[in-house]
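Numbering-wise, our numbering comes out as the position in the first sequence, counting from 1, plus 1.
No residue lacks a Cβ here, since even glycine has one placed at the ideal position from N, Cα and C.
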Amino acid sequence: MTYDFRKIEEKWQKFWAENQTFKAENNSQKEKFYVLDMFPYPSGAGLHVGHPLGYIASDIYARYKRHKGFNVLHPMGYDSFGLPAEQYAIQTGQHPAITTETNISRYREQLDKIGFSFDWSREVRTSDPSYYKWTQWIFIQLFNSWYNKDSDKAEDISSLIAIFEKEGNQSVNAVCDEDVTVFSATDWKAFTAKEQQEVLLQYRLTYLAETEVNWCPVLGTVLANDEIVNGVSERGGHPVVRKKMTQWSMRISAYAQRLLDDLALVDWPQPLKDSQTNWIGRSEGAEVTFRVLPQTPSQGGGSDSSSPKFHTADSDIYGVLLERAQEMRKNPTKAEALLWEALRNKNLNSKFRRQHPISRYIVDFVCLERELIVEVDGEIHQYQLNKDAERQLLLEQKKGYTVLRFTNDEVLNNIDEVILKIEKSLSSPSLGGGWGEVNTEDMEISVFTTRPDTIFGVSFMTLAPEHELVGKITTAEQREEVEAYIAATAKRSERDRMADVKTITGAFTGAYAEHPFSKEPIPIWIGDYVLAGYGTGAVMSVPCGDQRDYDFAKHFNIPIPNIFEGVDISEEAFADKEKTVIANSDFLNGLPYKKAVKRVIFELEKLEQGTGKINYRLRDAVFSRQRYWGEPFPVYYVDGMPQMISVDHLPIILPEVEKYLPTETGEPPLGNATVWAWDVNKSEVVNNQLIDHKTVFPLELNTMPGWAGSSYYFNRYMDPNNKEEVFSQEAINYWQDVDLYIGGSEHATGHLLYSRFWQKFLFDKGIVPKPEFAKKLINQGMITGTSAFIYRLEGQNTLVSRNLIGDRSVQPLHVDVALVNPSDELDLVRFKENPLYADFREAEFVLEDGKYIVGREVEKMSKSKYNVVSPDSICQEYGADSLRLYEMFLGPLEQSKPWNTAGITGVHSFLKKMWRLYHGGDEGAFLVTDAEPTADNLKTLHKTIKKVEEDVENFSFNTSVSTFMIAVNELSAQKCSSRAILEPLAILVSAYAPHIAEELWSKLGHPTSISTAPFPKFDGKYLVESSKEYPISFNGKMRFKLELPADLSKEEIEAAVMAHDKTQEQLQGRTPKKVIVVPGKIVNIVG
RNA sequence: GCUCGAGUGGUGGAAUUGGUAGACACGUUGGACUUAAAAUCCAAUGGACAUUAGUCCGUGCGGGUUCAAGUCCCGCCUCGAGUACCA
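Following this line, the structure appears as structure tokens:
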């Protein structure tokens, strides 16, 4: 009986489907194990042999765990919203749902042929309304949440509203927009409903905001940072520009630190962790404020003072006042301290100074730019009433300030009121006047630096050309140059800027900033090596400690002061933190890096010109796409404010549209929908014509991005058909998290970061029990293709066989690998028949030995290279079991390796050999006996059990295939037909080659599937050897082998070896200096 | 540039805490069976020298540690992946 793999595989695939063999139970006494593959997008091209690699590995692991007695969850589904189906729809008018459906059936067919043990009863599709109902639901949960930094987790928005009602927002420590204004409880209550919504939007975890986005005009959509490669779109390679749009965003930045910290909780590949760490981009340092010095008259500033504009005191008594002011800053009254705290923390969009000398006085608080003075009067000051009045008169009448006065009591008992009054004054248009004209008085530049310890090495500052201050500080003399430079950088595309990082460009603004400590003037430059989007868009340039600053300084002849002890900086900057010892830096002299950083931050805080700060590169994620084929938002707009549709009415189903393109007015494709308005009374989607903004409102026109549906699917698989909840608590508490997740490394910073974010959010809300969704993750390597080439003589229609080219000039052309046999010979008949190669029908062929030999090269598998091998053809020719074994046999799972179909005959003949092992009867009849197994039989079996078990646990699937081959070779040589050996062998192989294993299992007389048969138990007693063949080496080189009893002592071994003829022959009379004996391993004779 | 990973026969790749380098396959060569082919089976197969016995050289390169190094240490080279002026 021959091994008829086609019949066997079809039979068992049918059996598994009909019996739901792999259906996982949510109620089980067995221990759970969750094996997951990364969500595939069902593309129209179908699978090539590279795709199933990870699926085969995870399937082997899942099957192995079933043998080990686990209740295994091993689901599969489709991430079925996506661009290609939509692009196809735009081109052909075919509804993306139809294309998607077709592609899914093709995918399913291909997957089924490979014999995977998926639980198909749990299949999910992101584009299915019963699935995206829950995507919409999670979106609403995010909308209804804010991030409380004090509890360090997401909380319901109602707890925030409660705080607002009680005490306003000044004590709230939340992750929110940067420009929130401070309000009191009274304010909050006084706000209109719309104002309240606007405020809340600044705190919600998903929020609507005007953001600068990556707009791709060709695709008509916004792209996330990770969807852009080298400045062009990942899909299609279209140009991308920056554009401001109102978009939904996700406040992932709230989770930056936890996303970083919790990487320690998961067993993921280090490179993947590294790239997430890199992507989050935490840097620790300080934010330092530099005052901009006023321009001298000659610079066009118009001021007569050589001292900075914030030096508002009369110069004759400035010194005295300053000393007193500093004294007073150190010893504030309770009320002063409280108010200062409030003024600083509540972002009032205005900079206050305290105990500031003005004219001949010191005022408590002043906002110079709005010319507002705030005084807090304690009892002590009562006797001064007259004097105060006089001084107020002077400040108000002569200097043009507004003065607000509060009592200590007011400040201490009702700080909200006080702040409110100050805010009102600030917003009063009559106040101040500094905005209209260019005046550098009181301007400041904030910079972020990771090396505050090098602050005395600052010799210039550099602003991004886009920095808002550039226009204000540039002097008349420099204006022309600066404007020309800005225009030039704007013209350079993003791509040019990235490609060309070597060219140093920049311009001097003519303005100077003041060094916080030395008070020296520092020239302010602009340069495009400073990015507007990172940190504050400005740097303090320390050329001796930063190579970019160094290069810039060299290029523009800016001094490079050295502030490092014993370091030569004549050639390059010195950036080694560990070896740093600071010099020429006043109070930092002699300090190493860490101590210097601490000290300088302390000093900066004293000066109120800086503070320690942690900066992240991770930005909030834009969540809107101007696309049709995605999840619609459960959102309608009342008076421009977004409203969530109640969960009871979900899902909001994607509407039908005529065209899948943006509308003529530039709205997203959903703008074409005619039935896309929300009726709040009927609670249903109705015709747009009914929109009256009273009970019928417009719905959101954007859709969600690709990562929405894939960020929680692993949890939905636990209870995929639940109509009441995203999943039941019973289900999630049983399955908990993914034990093994296998997929490609291309998802390192996209899917895997967003999923971790959503998981943490759901964890905060008590919806999932684990803060990380996948314990162990493995990245499978890519399978590359082996392309074939034919060679055409330059300018002629002559094709030359590979080895006859010589030094002639030829043009290599891809030829379809299907036309080439394993010996690299081109099938000339089929080649000439193929319409693709019609041009060569009349071509002249230069053959070697009558054959045309093609060239070979390893490349990525792709249609355009004609090197795609499909799993279907392999299954047809060799069978699924051969395909599975061969994909594993190719090499380690994580490594990328080239596909070469020729090699598959090796594993295929192994399967045939194994089949013969069970069919040793007459004319190949099935033959298994109850004979006692021999010692050799048992040794082979247990050696195999041990190795396979170790290999699977270590995900070393390639080596276990070798082990099977060795076992079958040995057992065949031993002519073993013993049931006691062949039964466990079938179980060992079944995870890898399940079809043949099932067939043999049933022939062995088992009526049920092999899939839950217990894994054979390893017993070491069968491997105990009575003798050992020792390698005998001389000076480390193995010369001969010697069989010795295994229980000999060191001394006995040495004696036996020394007595041997060959040893004496090797030594040729010399006496060995030393004899090393490692019992059970090796003998080495030195000398 | 930075970070990470990897370099072993003609090819894919094995090799435990340092202990017989090249397991297992593919390919190639020779042989058996066959009218022939396919399939199957047997043998050889890192390189050089040698009739044999055997000797020497061999895990990207150069050093080192060790009785012993593919494996550990130092310095380089090449390739691949990620990232890109992140202050």
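Output the residue ranges of the alpha helix (DSSP H) runs that lie fully inside the region 239-282 and measure 4 residues or longer, sorted by chain position.
-> 257-262, 271-281
Pair within 9 Å by beta-carbon distance, S788 and R857 = yes
Per DSSP, K471 is paired with what?
-> Looking at the sequence shown, residue 471 is not Lys but Val. For V471, which the question treats as bridged, DSSP gives no partner whatsoever.
Same chain, Cβ closer than 7 Å to K866, neighbours up to 5 away in sequence not counted = G786, S788, H815, E860
Terminal residues of the continuous alpha helix (DSSP H) containing P53?
-> 53-68
Assigned secondary structure, Y993 (DSSP; H/G/I helix, E/B strand, else coil) = The answer is coil: DSSP assigns Y993 none of H, G, I, E or B.
DSSP state of E110, grouped into three classes?
-> helix
Got a sec: does the ligand NAD put a non-hydrogen atom nearer than 8 Å to the Cβ of D873?
-> This structure lacks the ligand NAD, and indeed carries no ligand of any kind.
Any chance you could list the beta strand (DSSP E) runs of at least 3 consecutive residues sitting entirely within the region 692-749, in chain order?
-> 697-699, 739-744
If you follow the beta strand (DSSP E) that I525 is part of, which residue opens it and which one closes it?
-> 522-527
Which partner residues of H1 appear in the DSSP bridge assignment?
-> For residue 1 there is no data in the structure shown, the boundaries of the chain being 2 and 1088.
Q92 by DSSP, collapsed to three states: which one?
-> helix
Sheet register partners of I1086 (DSSP bridge) | F1035, V1076
Stretch pair the region 1025-1045 + the region 86-94: three plus CB contacts closer than 8 Å = no
Return the first residue and the last residue of the beta strand (DSSP E) that I768 is part of.
-> First-last for I768: undefined, no H or E at that position.
Between the CA atoms of V531 and R292 - distance to the nearest angstrom = Approximately 19 Å between the Cα atoms of the pair.
Would you check if the distance between the CB atom of L74 and the CB atom of K8 is smaller than 9 Å?
-> In this structure, L74 lies away from K8, with their beta-carbon atoms at least 9 Å apart.
Confirm, please, whether the CB-CB distance from E1026 to A1121 is below 9 Å.
-> The requested residue 1121 is not part of the displayed model; the chain covers only 2 to 1088.
Confirm, please, whether the CB-CB distance from A574 to G546 is below 9 Å.
-> Between G546 and A574, the CB-CB gap stays under 9 Å.
Assigned secondary structure, G435 (DSSP; H/G/I helix, E/B strand, else coil) = The predicted position of G435 is uncertain, since its pLDDT is 32 and thus under 50; a value taken from the coordinates is nonetheless stated next. Coil.
Leaving aside the five residues before and after D550 along the sequence, list all residues of the same chain whose C-beta is less than 6 Å from its C-beta, in chain order.
-> S542, V543, P544
Relative to the alpha-carbon of D38, which residue among A576, S625, Y402, H748 has its alpha-carbon at the smallest distance?
-> H748
When you compare only the Cα positions, how much space is there between S304 and P295?
-> With a pLDDT of 37 at S304, under the threshold of 50, the modelled position of that residue is not reliable, and the figure given next carries that caveat. Near 8 Å, if we compare the C-alpha coordinates of P295 and S304.
Where do the N-terminal and C-terminal ends of the alpha helix (DSSP H) with W17 fall, by residue?
-> Where W17 is concerned, the enclosing alpha helix (DSSP H) stretches over 6-20.
In three-state terms, what does DSSP make of Y755?
-> helix
Among K335, S185, P218, D850, the one whose alpha carbon lies nearest that of A163 = S185
Which word fits A508, buried or exposed, when buried means at least 16 other C-beta atoms lie within 10 angstroms of its C-beta?
-> buried
Cut-off 6 Å between Cβ atoms - residues of its own chain near G45, not counting five sequence neighbours on either side | Here the set comprises N104.
In the DSSP assignment, what are the bridge partners of Y887?
-> The partner list for Y887 (beta bridge, DSSP) is empty, contrary to what the question assumes.
For the alpha helix (DSSP H) containing G611, list its first residue and its last residue.
-> Per DSSP, G611 belongs to no alpha helix (DSSP H); it is in the beta strand (DSSP E), 611-616.
Should the region 369-378 be regarded as contacting the region 402-414, the criterion being three or more beta carbon pairs within less than 8 Å?
-> yes
Same chain only: Cβ atoms within 8 Å of H239, ignoring 5 sequence neighbours per side | Around H239: C217, P218, V219, L220, V233.
May I have the straight-line CA-CA distance separating M642 from M719, to the nearest angstrom?
-> 36 Å
Name the two residues that bound the continuous alpha helix (DSSP H) containing F140.
-> Element bounds for F140: 130-144.
Nonlocal neighbours in the same chain, by C-beta distance under 6 Å from E1030, ignoring five residues either side = K1042, E1044
Whole angstroms is fine: what's the gap from R600's alpha carbon to P358's?
-> 27 Å
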